[in-house]
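To start, the structure itself, in structure tokens.
Protein chains: 2
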Amino acid sequence: MNSYRLLFESEYEDVVEKLKIEKEQNITGYYELPFQNISLPPKKKFQEIVLIGIGGSSLGTRAIDSFLHLKRKAKKIHYLDNPDPVTFKNKLHQIDPKTSLFILISKSGTTLETITQFKALLHYFNLDLQNNNEQFIFISDQNSALDKLAQKYKIERFYIPKNVGGRFSVLSSVGMIPLALAGYDIERILYGARFFLKRFFEKKEIALMKKATFLAKNWKKFRMNVLFSYANELENFNKWYMQLWGESLGKINSKGESVGLTPISLIGPRDQHSFLQLLAQGPIDKSVTFLRIANFEEDILIPNITLPYLESTDFINGFTFGQMVNEQAKATMKSLLKRNMPIDEIVLPCINEESIGELIIYFELLTSSVGSLLQINTYNQPGVEEGKKILRQNIG
Amino acid sequence: MNSYRLLFESEYEDVVEKLKIEKEQNITGYYELPFQNISLPPKKKFQEIVLIGIGGSSLGTRAIDSFLHLKRKAKKIHYLDNPDPVTFKNKLHQIDPKTSLFILISKSGTTLETITQFKALLHYFNLDLQNNNEQFIFISDQNSALDKLAQKYKIERFYIPKNVGGRFSVLSSVGMIPLALAGYDIERILYGARFFLKRFFEKKEIALMKKATFLAKNWKKFRMNVLFSYANELENFNKWYMQLWGESLGKINSKGESVGLTPISLIGPRDQHSFLQLLAQGPIDKSVTFLRIANFEEDILIPNITLPYLESTDFINGFTFGQMVNEQAKATMKSLLKRNMPIDEIVLPCINEESIGELIIYFELLTSSVGSLLQINTYNQPGVEEGKKILRQNIG
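Line order of the protein sequences matches chains A and B. Just so we're aligned: 226 in this note's numbering is position 226 of the first sequence, and the numbers increase by one with no gaps anywhere. In this note's numbering, each number is its position in the second sequence, counted from 1, plus 1000.
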């Protein structure tokens, strides 16, 4: 199990009771996801997966895939998650349509970036919904336009629970179907999520309640939460967190005021050579969460080599890179603690399915807790509609 | 040439005079870089480059490489920029030491993450400074420890001007040597930078002066500057900007107060499905810079396909993906303008060497201008030393 440690003092409110009410009122359904049974589609033959989806339809899958990929020998997933013409063209050259399974994910069923890329794929590879229907899987809301299209052409389809929004959907079919098909053990991911979820609802996760209470009460002073993750494998997890935090907590509250906590993603030790100076001497307007992996397992030794003139670096010889990275995280944390910044630390025991499943539900529950204390609707995103309207006006 | 457009009103101070003083007093030397002659090393035989460097030693090179890579057929550069054991091990499997040129970059010459990775490379590939010296290039300050090591083993070396810090060094040997060796036309990059630099010092870039004045005067209200770049090719440019902005502008000012502007990186249209909600309804504590590429040139058409039930997406058929991305940027900008946020827009005519050279010097000059108005030292980073000291205490 992961370790969660607050390095600041805080009182706490009973957010668990608030979230129980949300659960009972069916305001969101993500609390149920770790307990679901996911039935996989019948065995299909394919070498690689092409996942077409943007935002909540791909960020979570990508977070888990990147975290586990180099450790597990899963199938490659190509992500078509941004309709950039240069990378899209490059992707088209890399994909072999004969040996690929295409998974199209859109909650509404009509996401512009996703449907346009799908159309371009059909055209470029000369694929046909009628004759190639076994190469497709559609994941969408029941009765969405995409669901109806799937029915028409007998395309395999999976549903997203109506009351689970994109950014909370990774543990639903949205993430679990592609990950299972790629070869990951989704049961272990769900187990990790279940483990923490139960403890939270039993009110055993006091650190989470304190952190949520502190961040909600002091959001005007500590406007930004930095997630400083010491592993390249967590870079896509940080992107998932950026969406979860920003899209959930940037809202108009019940009194009509704009509130919001801004997420910031850093990767260590790399960003000690970048953003750290701002944390060390800039204004104290941020909280910082240090996230690290205690044991990288297949680690590499820093060899016992002395190079002339570079003897000052020899103190680290004989350590592993994983140990160095962890020591750097601890030293940086200690240096920032002197400034009285609200800092907390999350330590994953190692890179595995349970630790990432647990981490996901931890951040989801934290987000819901902060949202409920801010008296906002954590689960909608009304602010993004305006731009879509203008786009249609300008083009249509 | 790029287009720079402010969508808010502001007075401006004559920052050009302030920067001229910095130039005369030799406080920073980056203003001279676009005019330098870079002499390349004698022709070497190699297929790929391995660049070992962190922070300012790699971010700028990576920004330009990622921007141009799919368009130009340059050699592959492997970046060892973060000592993460999992990705490092994976990289070791990808690198063929026999056909690789190893470029080691460290301004101080003793950067821990860089030297440890270099030692591990020597060990893993059984390389030897004496016998394989032609496979190495070292880039560092003159008389640094690394420079002395290079002299000892007759390794090709290049210098970084003493008064050019890492984050302002991409147009020095730090970026230009690896990029030239990879096959990029560095003259065109420097030409773009020169073009804008001259105009700036001729006081023709009023928009930059206004933007700098506004951001410096209102930093407590608009604490964050979001760079919203509508192209995957700009993702590493955004990371370079994060370092430039954060490490330069997070400082203690001449009155002893902590000041600082926080950089945030977004990629569009992807992050319209993520962070946009926070911009649209959250607190107005950010300025937003929209960055887009007017013409992607080798673009892809959205085919004229109608899918049953998905007719609502047909309004965009016949456009290119590049056009769609640009229209989305414009629509999002328009939707945020209604909130009276300080927004500006940068449009690159296309993906080429001049546009990225110009963009780099634009952001460097903007950073220097804001820094001088905030009365801070834009060019040092004293705050990062504390963590390094603690690391040595804990380990040494």
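Even glycine gets a Cβ: it sits at the ideal position worked out from N, Cα and C.
N1326/B has a beta carbon lying at 7 Å or more from every beta carbon in chain A. Ranked by Cα distance from P161/A, the options D141/A, K152/A, G175/A are led by D141/A.
In the DSSP annotation of this structure, M1224/B is not part of any alpha helix (DSSP H); the continuous beta strand (DSSP E) holding it starts and ends at 1224-1229. When DSSP reads this structure, L101/A sits in a beta bridge with I49/A.
The C-alpha of Q117/A is placed about 14 Å away from the C-alpha of H93/A.
V1174/B sits in a helix when the DSSP states are folded into three classes. Around L104/A, the same chain offers I52, F118, F138 as residues with beta carbons nearer than 6 Å, after the five sequence neighbours per side are excluded.
Within its own chain, the residues whose Cβ lies closer than 7 Å to the Cβ of I1186/B, once the five positions on either side in sequence are excluded, are I1038, M1176, L1179, A1180, listed in chain order. Relative to P382/A, the option among L1122/B, L1276/B, Q1375/B, E1354/B whose CA is nearest is L1276/B. When DSSP reads this structure, L1033/B sits in no beta bridge, so it has no partner. Per DSSP, reduced to three states, the secondary structure at R1292/B is strand. Under the DSSP assignment, P1308/B falls outside any alpha helix (DSSP H); it carries neither an H nor an E label. The contact set of V384/A on chain B, defined by CB atoms closer than 8 Å, consists of Q1272, H1273, L1276, Q1277, A1280 in chain order. By the Cβ-count criterion, R62/A is buried, with 16 or more other Cβ atoms from all chains shown falling within 10 Å of its own Cβ. Think of a sphere of 7 Å around the beta carbon of Q381/A: the chain B residues whose beta carbon falls inside it are Q1277, in chain order. Rounded to whole angstroms, I1049/B and N1133/B show a C-alpha spacing of 15 Å. If only uninterrupted alpha helix (DSSP H) runs of at least 4 residues are considered, those enclosed by the stretch 1177-1217 of chain B are 1186-1201, 1206-1217. In the three-state reduction of the DSSP assignment, D1271/B falls in the helix class. The residues Y1012, V1015, in chain order, have a CB closer than 6 Å to that of M1209/B in the same chain once the five nearest residues on each side in sequence are set aside. For chain A, the residues of the stretch 1118-1144 of chain B that bring a beta carbon within less than 7 Å of one of its beta carbons are K1119, A1120, L1122, H1123, in chain order.
For the pair G282/A and G1250/B, the CB atoms are nearer than the 7 Å cut-off. Residue-level contact by beta carbon fails for L190/A and chain B, as no gap is shorter than 7 Å. Only residues of its own chain outside the window of five on either side were considered, and among them V347, P349 have a CB closer than 6 Å to the CB of A294/A, listed in chain order. Residues are counted here when their Cβ sits less than 9 Å from a Cβ of chain B; for the stretch 95-112 of chain A these are G109, T110, T111, L112, given in chain order. Here P1085/B is buried, its C-beta having at least 16 other C-beta atoms within 10 Å. The residue from F1201/B, D1299/B, K1334/B, I1305/B with its alpha-carbon nearest to that of E385/A is K1334/B.
The residue among F1315/B, S1254/B, F1319/B with its C-alpha nearest the C-alpha of G396/A is F1315/B. Closest in alpha carbon position to N1131/B, among Y1153/B, L1146/B, E1298/B, is Y1153/B.
Our two residues, L1310/B and L261/A, have alpha carbons roughly 36 Å apart in a direct line. Linking G246/A to G166/A through their CA atoms gives a straight-line distance of about 13 Å. Nearest to K221/A by C-alpha distance, out of M242/A, H78/A, A331/A, I284/A, is I284/A. For H78/A, the enclosing beta strand (DSSP E) has its first and last residue at 77-80.
Taking 7 Å as the threshold, the shortest C-beta distance from I27/A to chain B does not fall below it. Boundaries of the alpha helix (DSSP H) around Y241/A: 235-249. Interface criterion met: the Cβ of F315/A is under 7 Å from a Cβ in chain B. Distances from the CA of F200/A to each of I155/A, L365/A, G29/A were compared; the closest alpha carbon is that of L365/A.
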